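Colleague:
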Amino acid sequence: MEMPNPSDIVLSRKDELVARLLAVLPEDAVIHEESETRAYECDALTAYKCPPLLAVLPRSTEEVSGVLRICHEMNVPVVPRGSGTSLAGGALPTSDCVILGIARMNDVLETDYANRIIRVQTGRTNLSVSGAVEENDFFYAPDPSSQLACAIAGNIAMNSGGAHCLKYGVTTNNLMGVKMVMMDGEIVEIGGAHLDSSGLDLLGVICGSEGQLGVVTEATLRILHKPEGARPALVGFDSNEVAGACVSDIIKAGVLPVAIEFMDRRVIEVVENYAQAGYPLCEALLIIEVEGSDAEIDAQLALIREIASKHNPVEFREARDGDEAARIWLGRKSAFGAMGQINDYMCLDGTIPVSALPMVLRRIGEISEEFGLDVGNVFHAGDGNMHPLILFDANKDGDLETCEAMGAEILKLCVEAGGCLTGEHGVGIEKRDLMHVQYDPADLAAQMAIKDVFDPKWLLNPAKVFPLDASDSRRAVSTAAE
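Mapping of the sequence shown onto this note's numbering: position 10 corresponds to residue 925, and the numbering continues sequentially without gaps.
#1: How long is the line joining the alpha carbons of Cys1262 and Ile1305, rounded to whole angstroms?
#2: What does the Cβ neighbour count give for Ile1017, buried or exposed, with the cut at 16 atoms within 10 Å?
#3: Spatial neighbours of Glu1187 within its chain, please: CB distance less than 6 Å, with the 5 preceding and 5 following residues excluded, ordered by chain position.
#4: In terms of alpha-carbon separation, which member of Ser1043, Val1023 and Thr1040 lies closest to Arg1034?
#5: Between Val971, Leu1272, Asp1308 and Met1301, which lies nearest to Ala1160 when the distance is taken from Cα to Cα?
#6: Using DSSP bridges, identify the partner residues of Glu1176.
#7: Grouping DSSP H, G and I as helix and E and B as strand, with all else coil, what is Leu1024?
#8: Identify which residue in Gln1127, Arg984 and Asp1164 has its Cα closest to the Cα of Asp1099.
#9: Taking all protein chains shown into account, do 16 or more other C-beta atoms lie within 10 angstroms of the C-beta of Leu1349, making it buried, or fewer, making it exposed?
#10: Among the residues of its own chain, which have a CB less than 7 Å from the CB of Glu1233, if the five just before and after it don't count?
#11: Have a look at Leu1007, Thr1087, Ile1165 and Val971 and flag the residue whose alpha-carbon is nearest the alpha-carbon of Ala1072.
#12: Spatial neighbours of Leu1218 within its chain, please: CB distance less than 8 Å, with the 5 preceding and 5 following residues excluded, ordered by chain position.
#13: Counting along the chain, where does the beta strand (DSSP E) carrying Arg1137 start and finish?
#14: Since Met1095 sits in a beta bridge, which residues does DSSP pair it with?
#15: Tell me, please, whether the region 983 to 999 touches the region 1368 to 1383 by the rule of three or more beta-carbon pairs shorter than 8 Å.
#16: Using beta-carbon positions only, say whether Ala1064 and Arg1247 come within less than 8 Å of one another.
#17: Look at the alpha carbon of Thr1026 and the alpha carbon of Asn1041, and state the distance between them as a whole number of angstroms.
#18: Any idea if Glu1284 is buried or exposed, counting beta-carbon neighbours within 10 angstroms, 16 or more meaning buried?
#19: Out of Leu1200, Ile1014, Ala1174 and Ile1175, which one is the CA nearest neighbour of Glu1184?
#20: Just how far apart, CA to CA, sit His1109 and Ala1029?
#21: Find out if the Cβ-Cβ distance for the pair Gln1362, Val1330 is shorter than 8 Å.
#22: Going by Cα to Cα distance, which pick from Gly1151, Thr976 and Ala1210 is closest to His1226?
#23: Write down every uninterrupted run of the beta strand (DSSP E) in the region 1201 to 1277 whose length is 3 residues or greater and which is fully enclosed by it, in chain order.
#24: Do the region 1285 to 1296 and the region 1315 to 1335 make contact, defined as three or more Cβ pairs closer than 8 Å?
#25: To the nearest angstrom, how far is it from the Cα of Ser1113 to the Cα of Gly1106?
#26: What is the DSSP secondary structure of Asn1300, counted as helix, strand or coil?
#27: Count the other CB atoms, across all protein chains shown, that sit within 10 Å of the CB of His1140; report buried if there are 16 or more and exposed otherwise.
#28: Between the alpha carbons of Thr1000 and Cys957, how many angstroms are there, rounded?
#29: Could you check how far apart the C-beta atoms of Val1131 and Ile1138 are, in whole angstroms? I think they sit under 8 Å.
Take a look at the structure:
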């Protein structure tokens, strides 16, 4: 994985930069000792590490503005960081950059139940947004598996989804407005507490932009009434392809469960041992949850049972009570952590049409045999957001490189199947050099022209998202400015 050479000029001005930052931030908000900056040397893509020049932890939008203004004047690259849970290397530093962490900005600023919105600082964790409104029977819908730790800022940067996004949509469908700081320190507000904005959909540009356009410090989010009831069911099958075909048939039938999650045998066995969720030990398992009144739930599950029966499931089991329902979801939410206890792995994030699930699952199995590395599949089957976990040994020479090459083949397969490189993890550095697979030069040029408008010097999260050969001339602008 290639990264640009650090700027000697920026490195030589570290003391000056620290002094200027201490003029706008408290002393405990500027971290510049090398032993302490190592805490920020990587995110959840731990294969690549590099301590930043320094890190800052502002507490307000105004402090963020001050930091960016100084870095802009001194031509210092800035890498925004939420909670550091990015699986695509979105918050990977360079040795000449400032990590701008927003973890201390975690307040609830406004709650408006009449208009069903909540306004928060973006360092607040995903799960704690629902926690702030649950006593009034509301919740925030996007629920990534890392929701206990991940920050709203990162959710906006990567357009995160989650198990329940089949019915409620991903972050962009639940984001109403943002307050954002531009690289030159200007503070702008986009969208707000209303259904839609006139003019260009700049909010749609910001959500999913991976910290390339600005630092989002506040977010206005849509909150929803909790459903009357919900019930998950477990459906086991004797092959991955058959389970994929069942998902496709459920969607084609017009049924809209709140979630359809998939796990294969490799994952089922590990998760069951870890969480003791009561999963049947079969080749493939679907967790299908529906919502509504008891009568609505019964009717939906009856139709789903009828569809599943055509695929000869080895088991169809509805949760009998709240405790069993909670254990079913505990197992799914624990999957990534449980797999991490047995093996190093790389988690992919390609998205495909639901109708292509059987073919893609079969090909992933074939690719696994070709490369000699095992794969565990656990993903959001309802919207085709694949999360193959490629198991490898980080201590074995060449295994990481083999894993990356195998991952590239799987992501290329997703694009060939009519899908895309990422559903919710982002491009970061992990998929950066595969962007040529999905986009031609004109497409990439159009995307980079948008960044030119927001960040003309290309100082915000440089060397991410866009292939280095495509962005080289633009990134050179900041070097020339030195």
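Beta carbons: idealized from backbone N, C-alpha and C, even for Gly. No experiment lies behind these values; they were computed from the predicted model shown.
Modeller: In short:
#1: Computed Cα separation, rounded: 7 Å.
#2: Buried is the label assigned to Ile1017, since at least 16 other Cβ atoms lie within 10 Å of its Cβ.
#3: In chain order, Tyr1194 place their CB closer than 6 Å to the CB of Glu1187, counting only its own chain and leaving out the 5 sequence neighbours on each side.
#4: Arg1034 has its Cα closest to that of Val1023, out of Ser1043, Val1023 and Thr1040.
#5: Of the candidates Val971, Leu1272, Asp1308 and Met1301, the one whose C-alpha sits nearest the C-alpha of Ala1160 is Leu1272.
#6: Ile1202 and His1295.
#7: Under the three-state reduction of DSSP output, Leu1024 falls in the strand class.
#8: Distance check between Asp1099 and each of Gln1127, Arg984 and Asp1164 places Arg984 closest, using alpha-carbon atoms only.
#9: Leu1349 comes out buried.
#10: The beta carbon of Glu1233 sits closer than 7 Å to those of Arg1146, Ala1148 and Leu1216, all from its chain and outside the five residues before and after it, given in chain order.
#11: Ala1072 has its Cα closest to that of Thr1087, out of Leu1007, Thr1087, Ile1165 and Val971.
#12: Short of 8 Å from the beta carbon of Leu1218, and not among the five residues preceding or following it, lie these beta carbons of its own chain, in chain order: Ala1168 and Val1170.
#13: Taken as a continuous stretch (DSSP letters only), the beta strand (DSSP E) holding Arg1137 covers Val1130 to Arg1137.
#14: For Met1095, which the question treats as bridged, DSSP gives the partners Val1103 and Val1131.
#15: Yes, they touch.
#16: No, they are not a contact pair.
#17: Cα-Cα distance, rounded: 15 Å.
#18: It counts as exposed.
#19: Checking every option, the nearest Cα to that of Glu1184 belongs to Leu1200.
#20: His1109 and Ala1029 have their C-alpha atoms some 12 Å from each other.
#21: No.
#22: Answer by Cα proximity: Gly1151.
#23: Correct list: 1230 to 1233 and 1259 to 1262.
#24: By the C-beta criterion, the region 1285 to 1296 is judged to be in contact with the region 1315 to 1335, since at least 3 inter-stretch pairs fall below 8 Å.
#25: Cα to Cα, the separation comes out at about 9 Å.
#26: DSSP places Asn1300 in strand when its eight states are reduced to three.
#27: With fewer than 16 other Cβ atoms from the protein chains shown falling within 10 Å of its own Cβ, His1140 counts as exposed.
#28: When rounded, the distance between both Cα atoms is 10 Å.
#29: That belief does not hold up - the Cβ atoms of Val1131 and Ile1138 are roughly 18 Å apart, past 8 Å.
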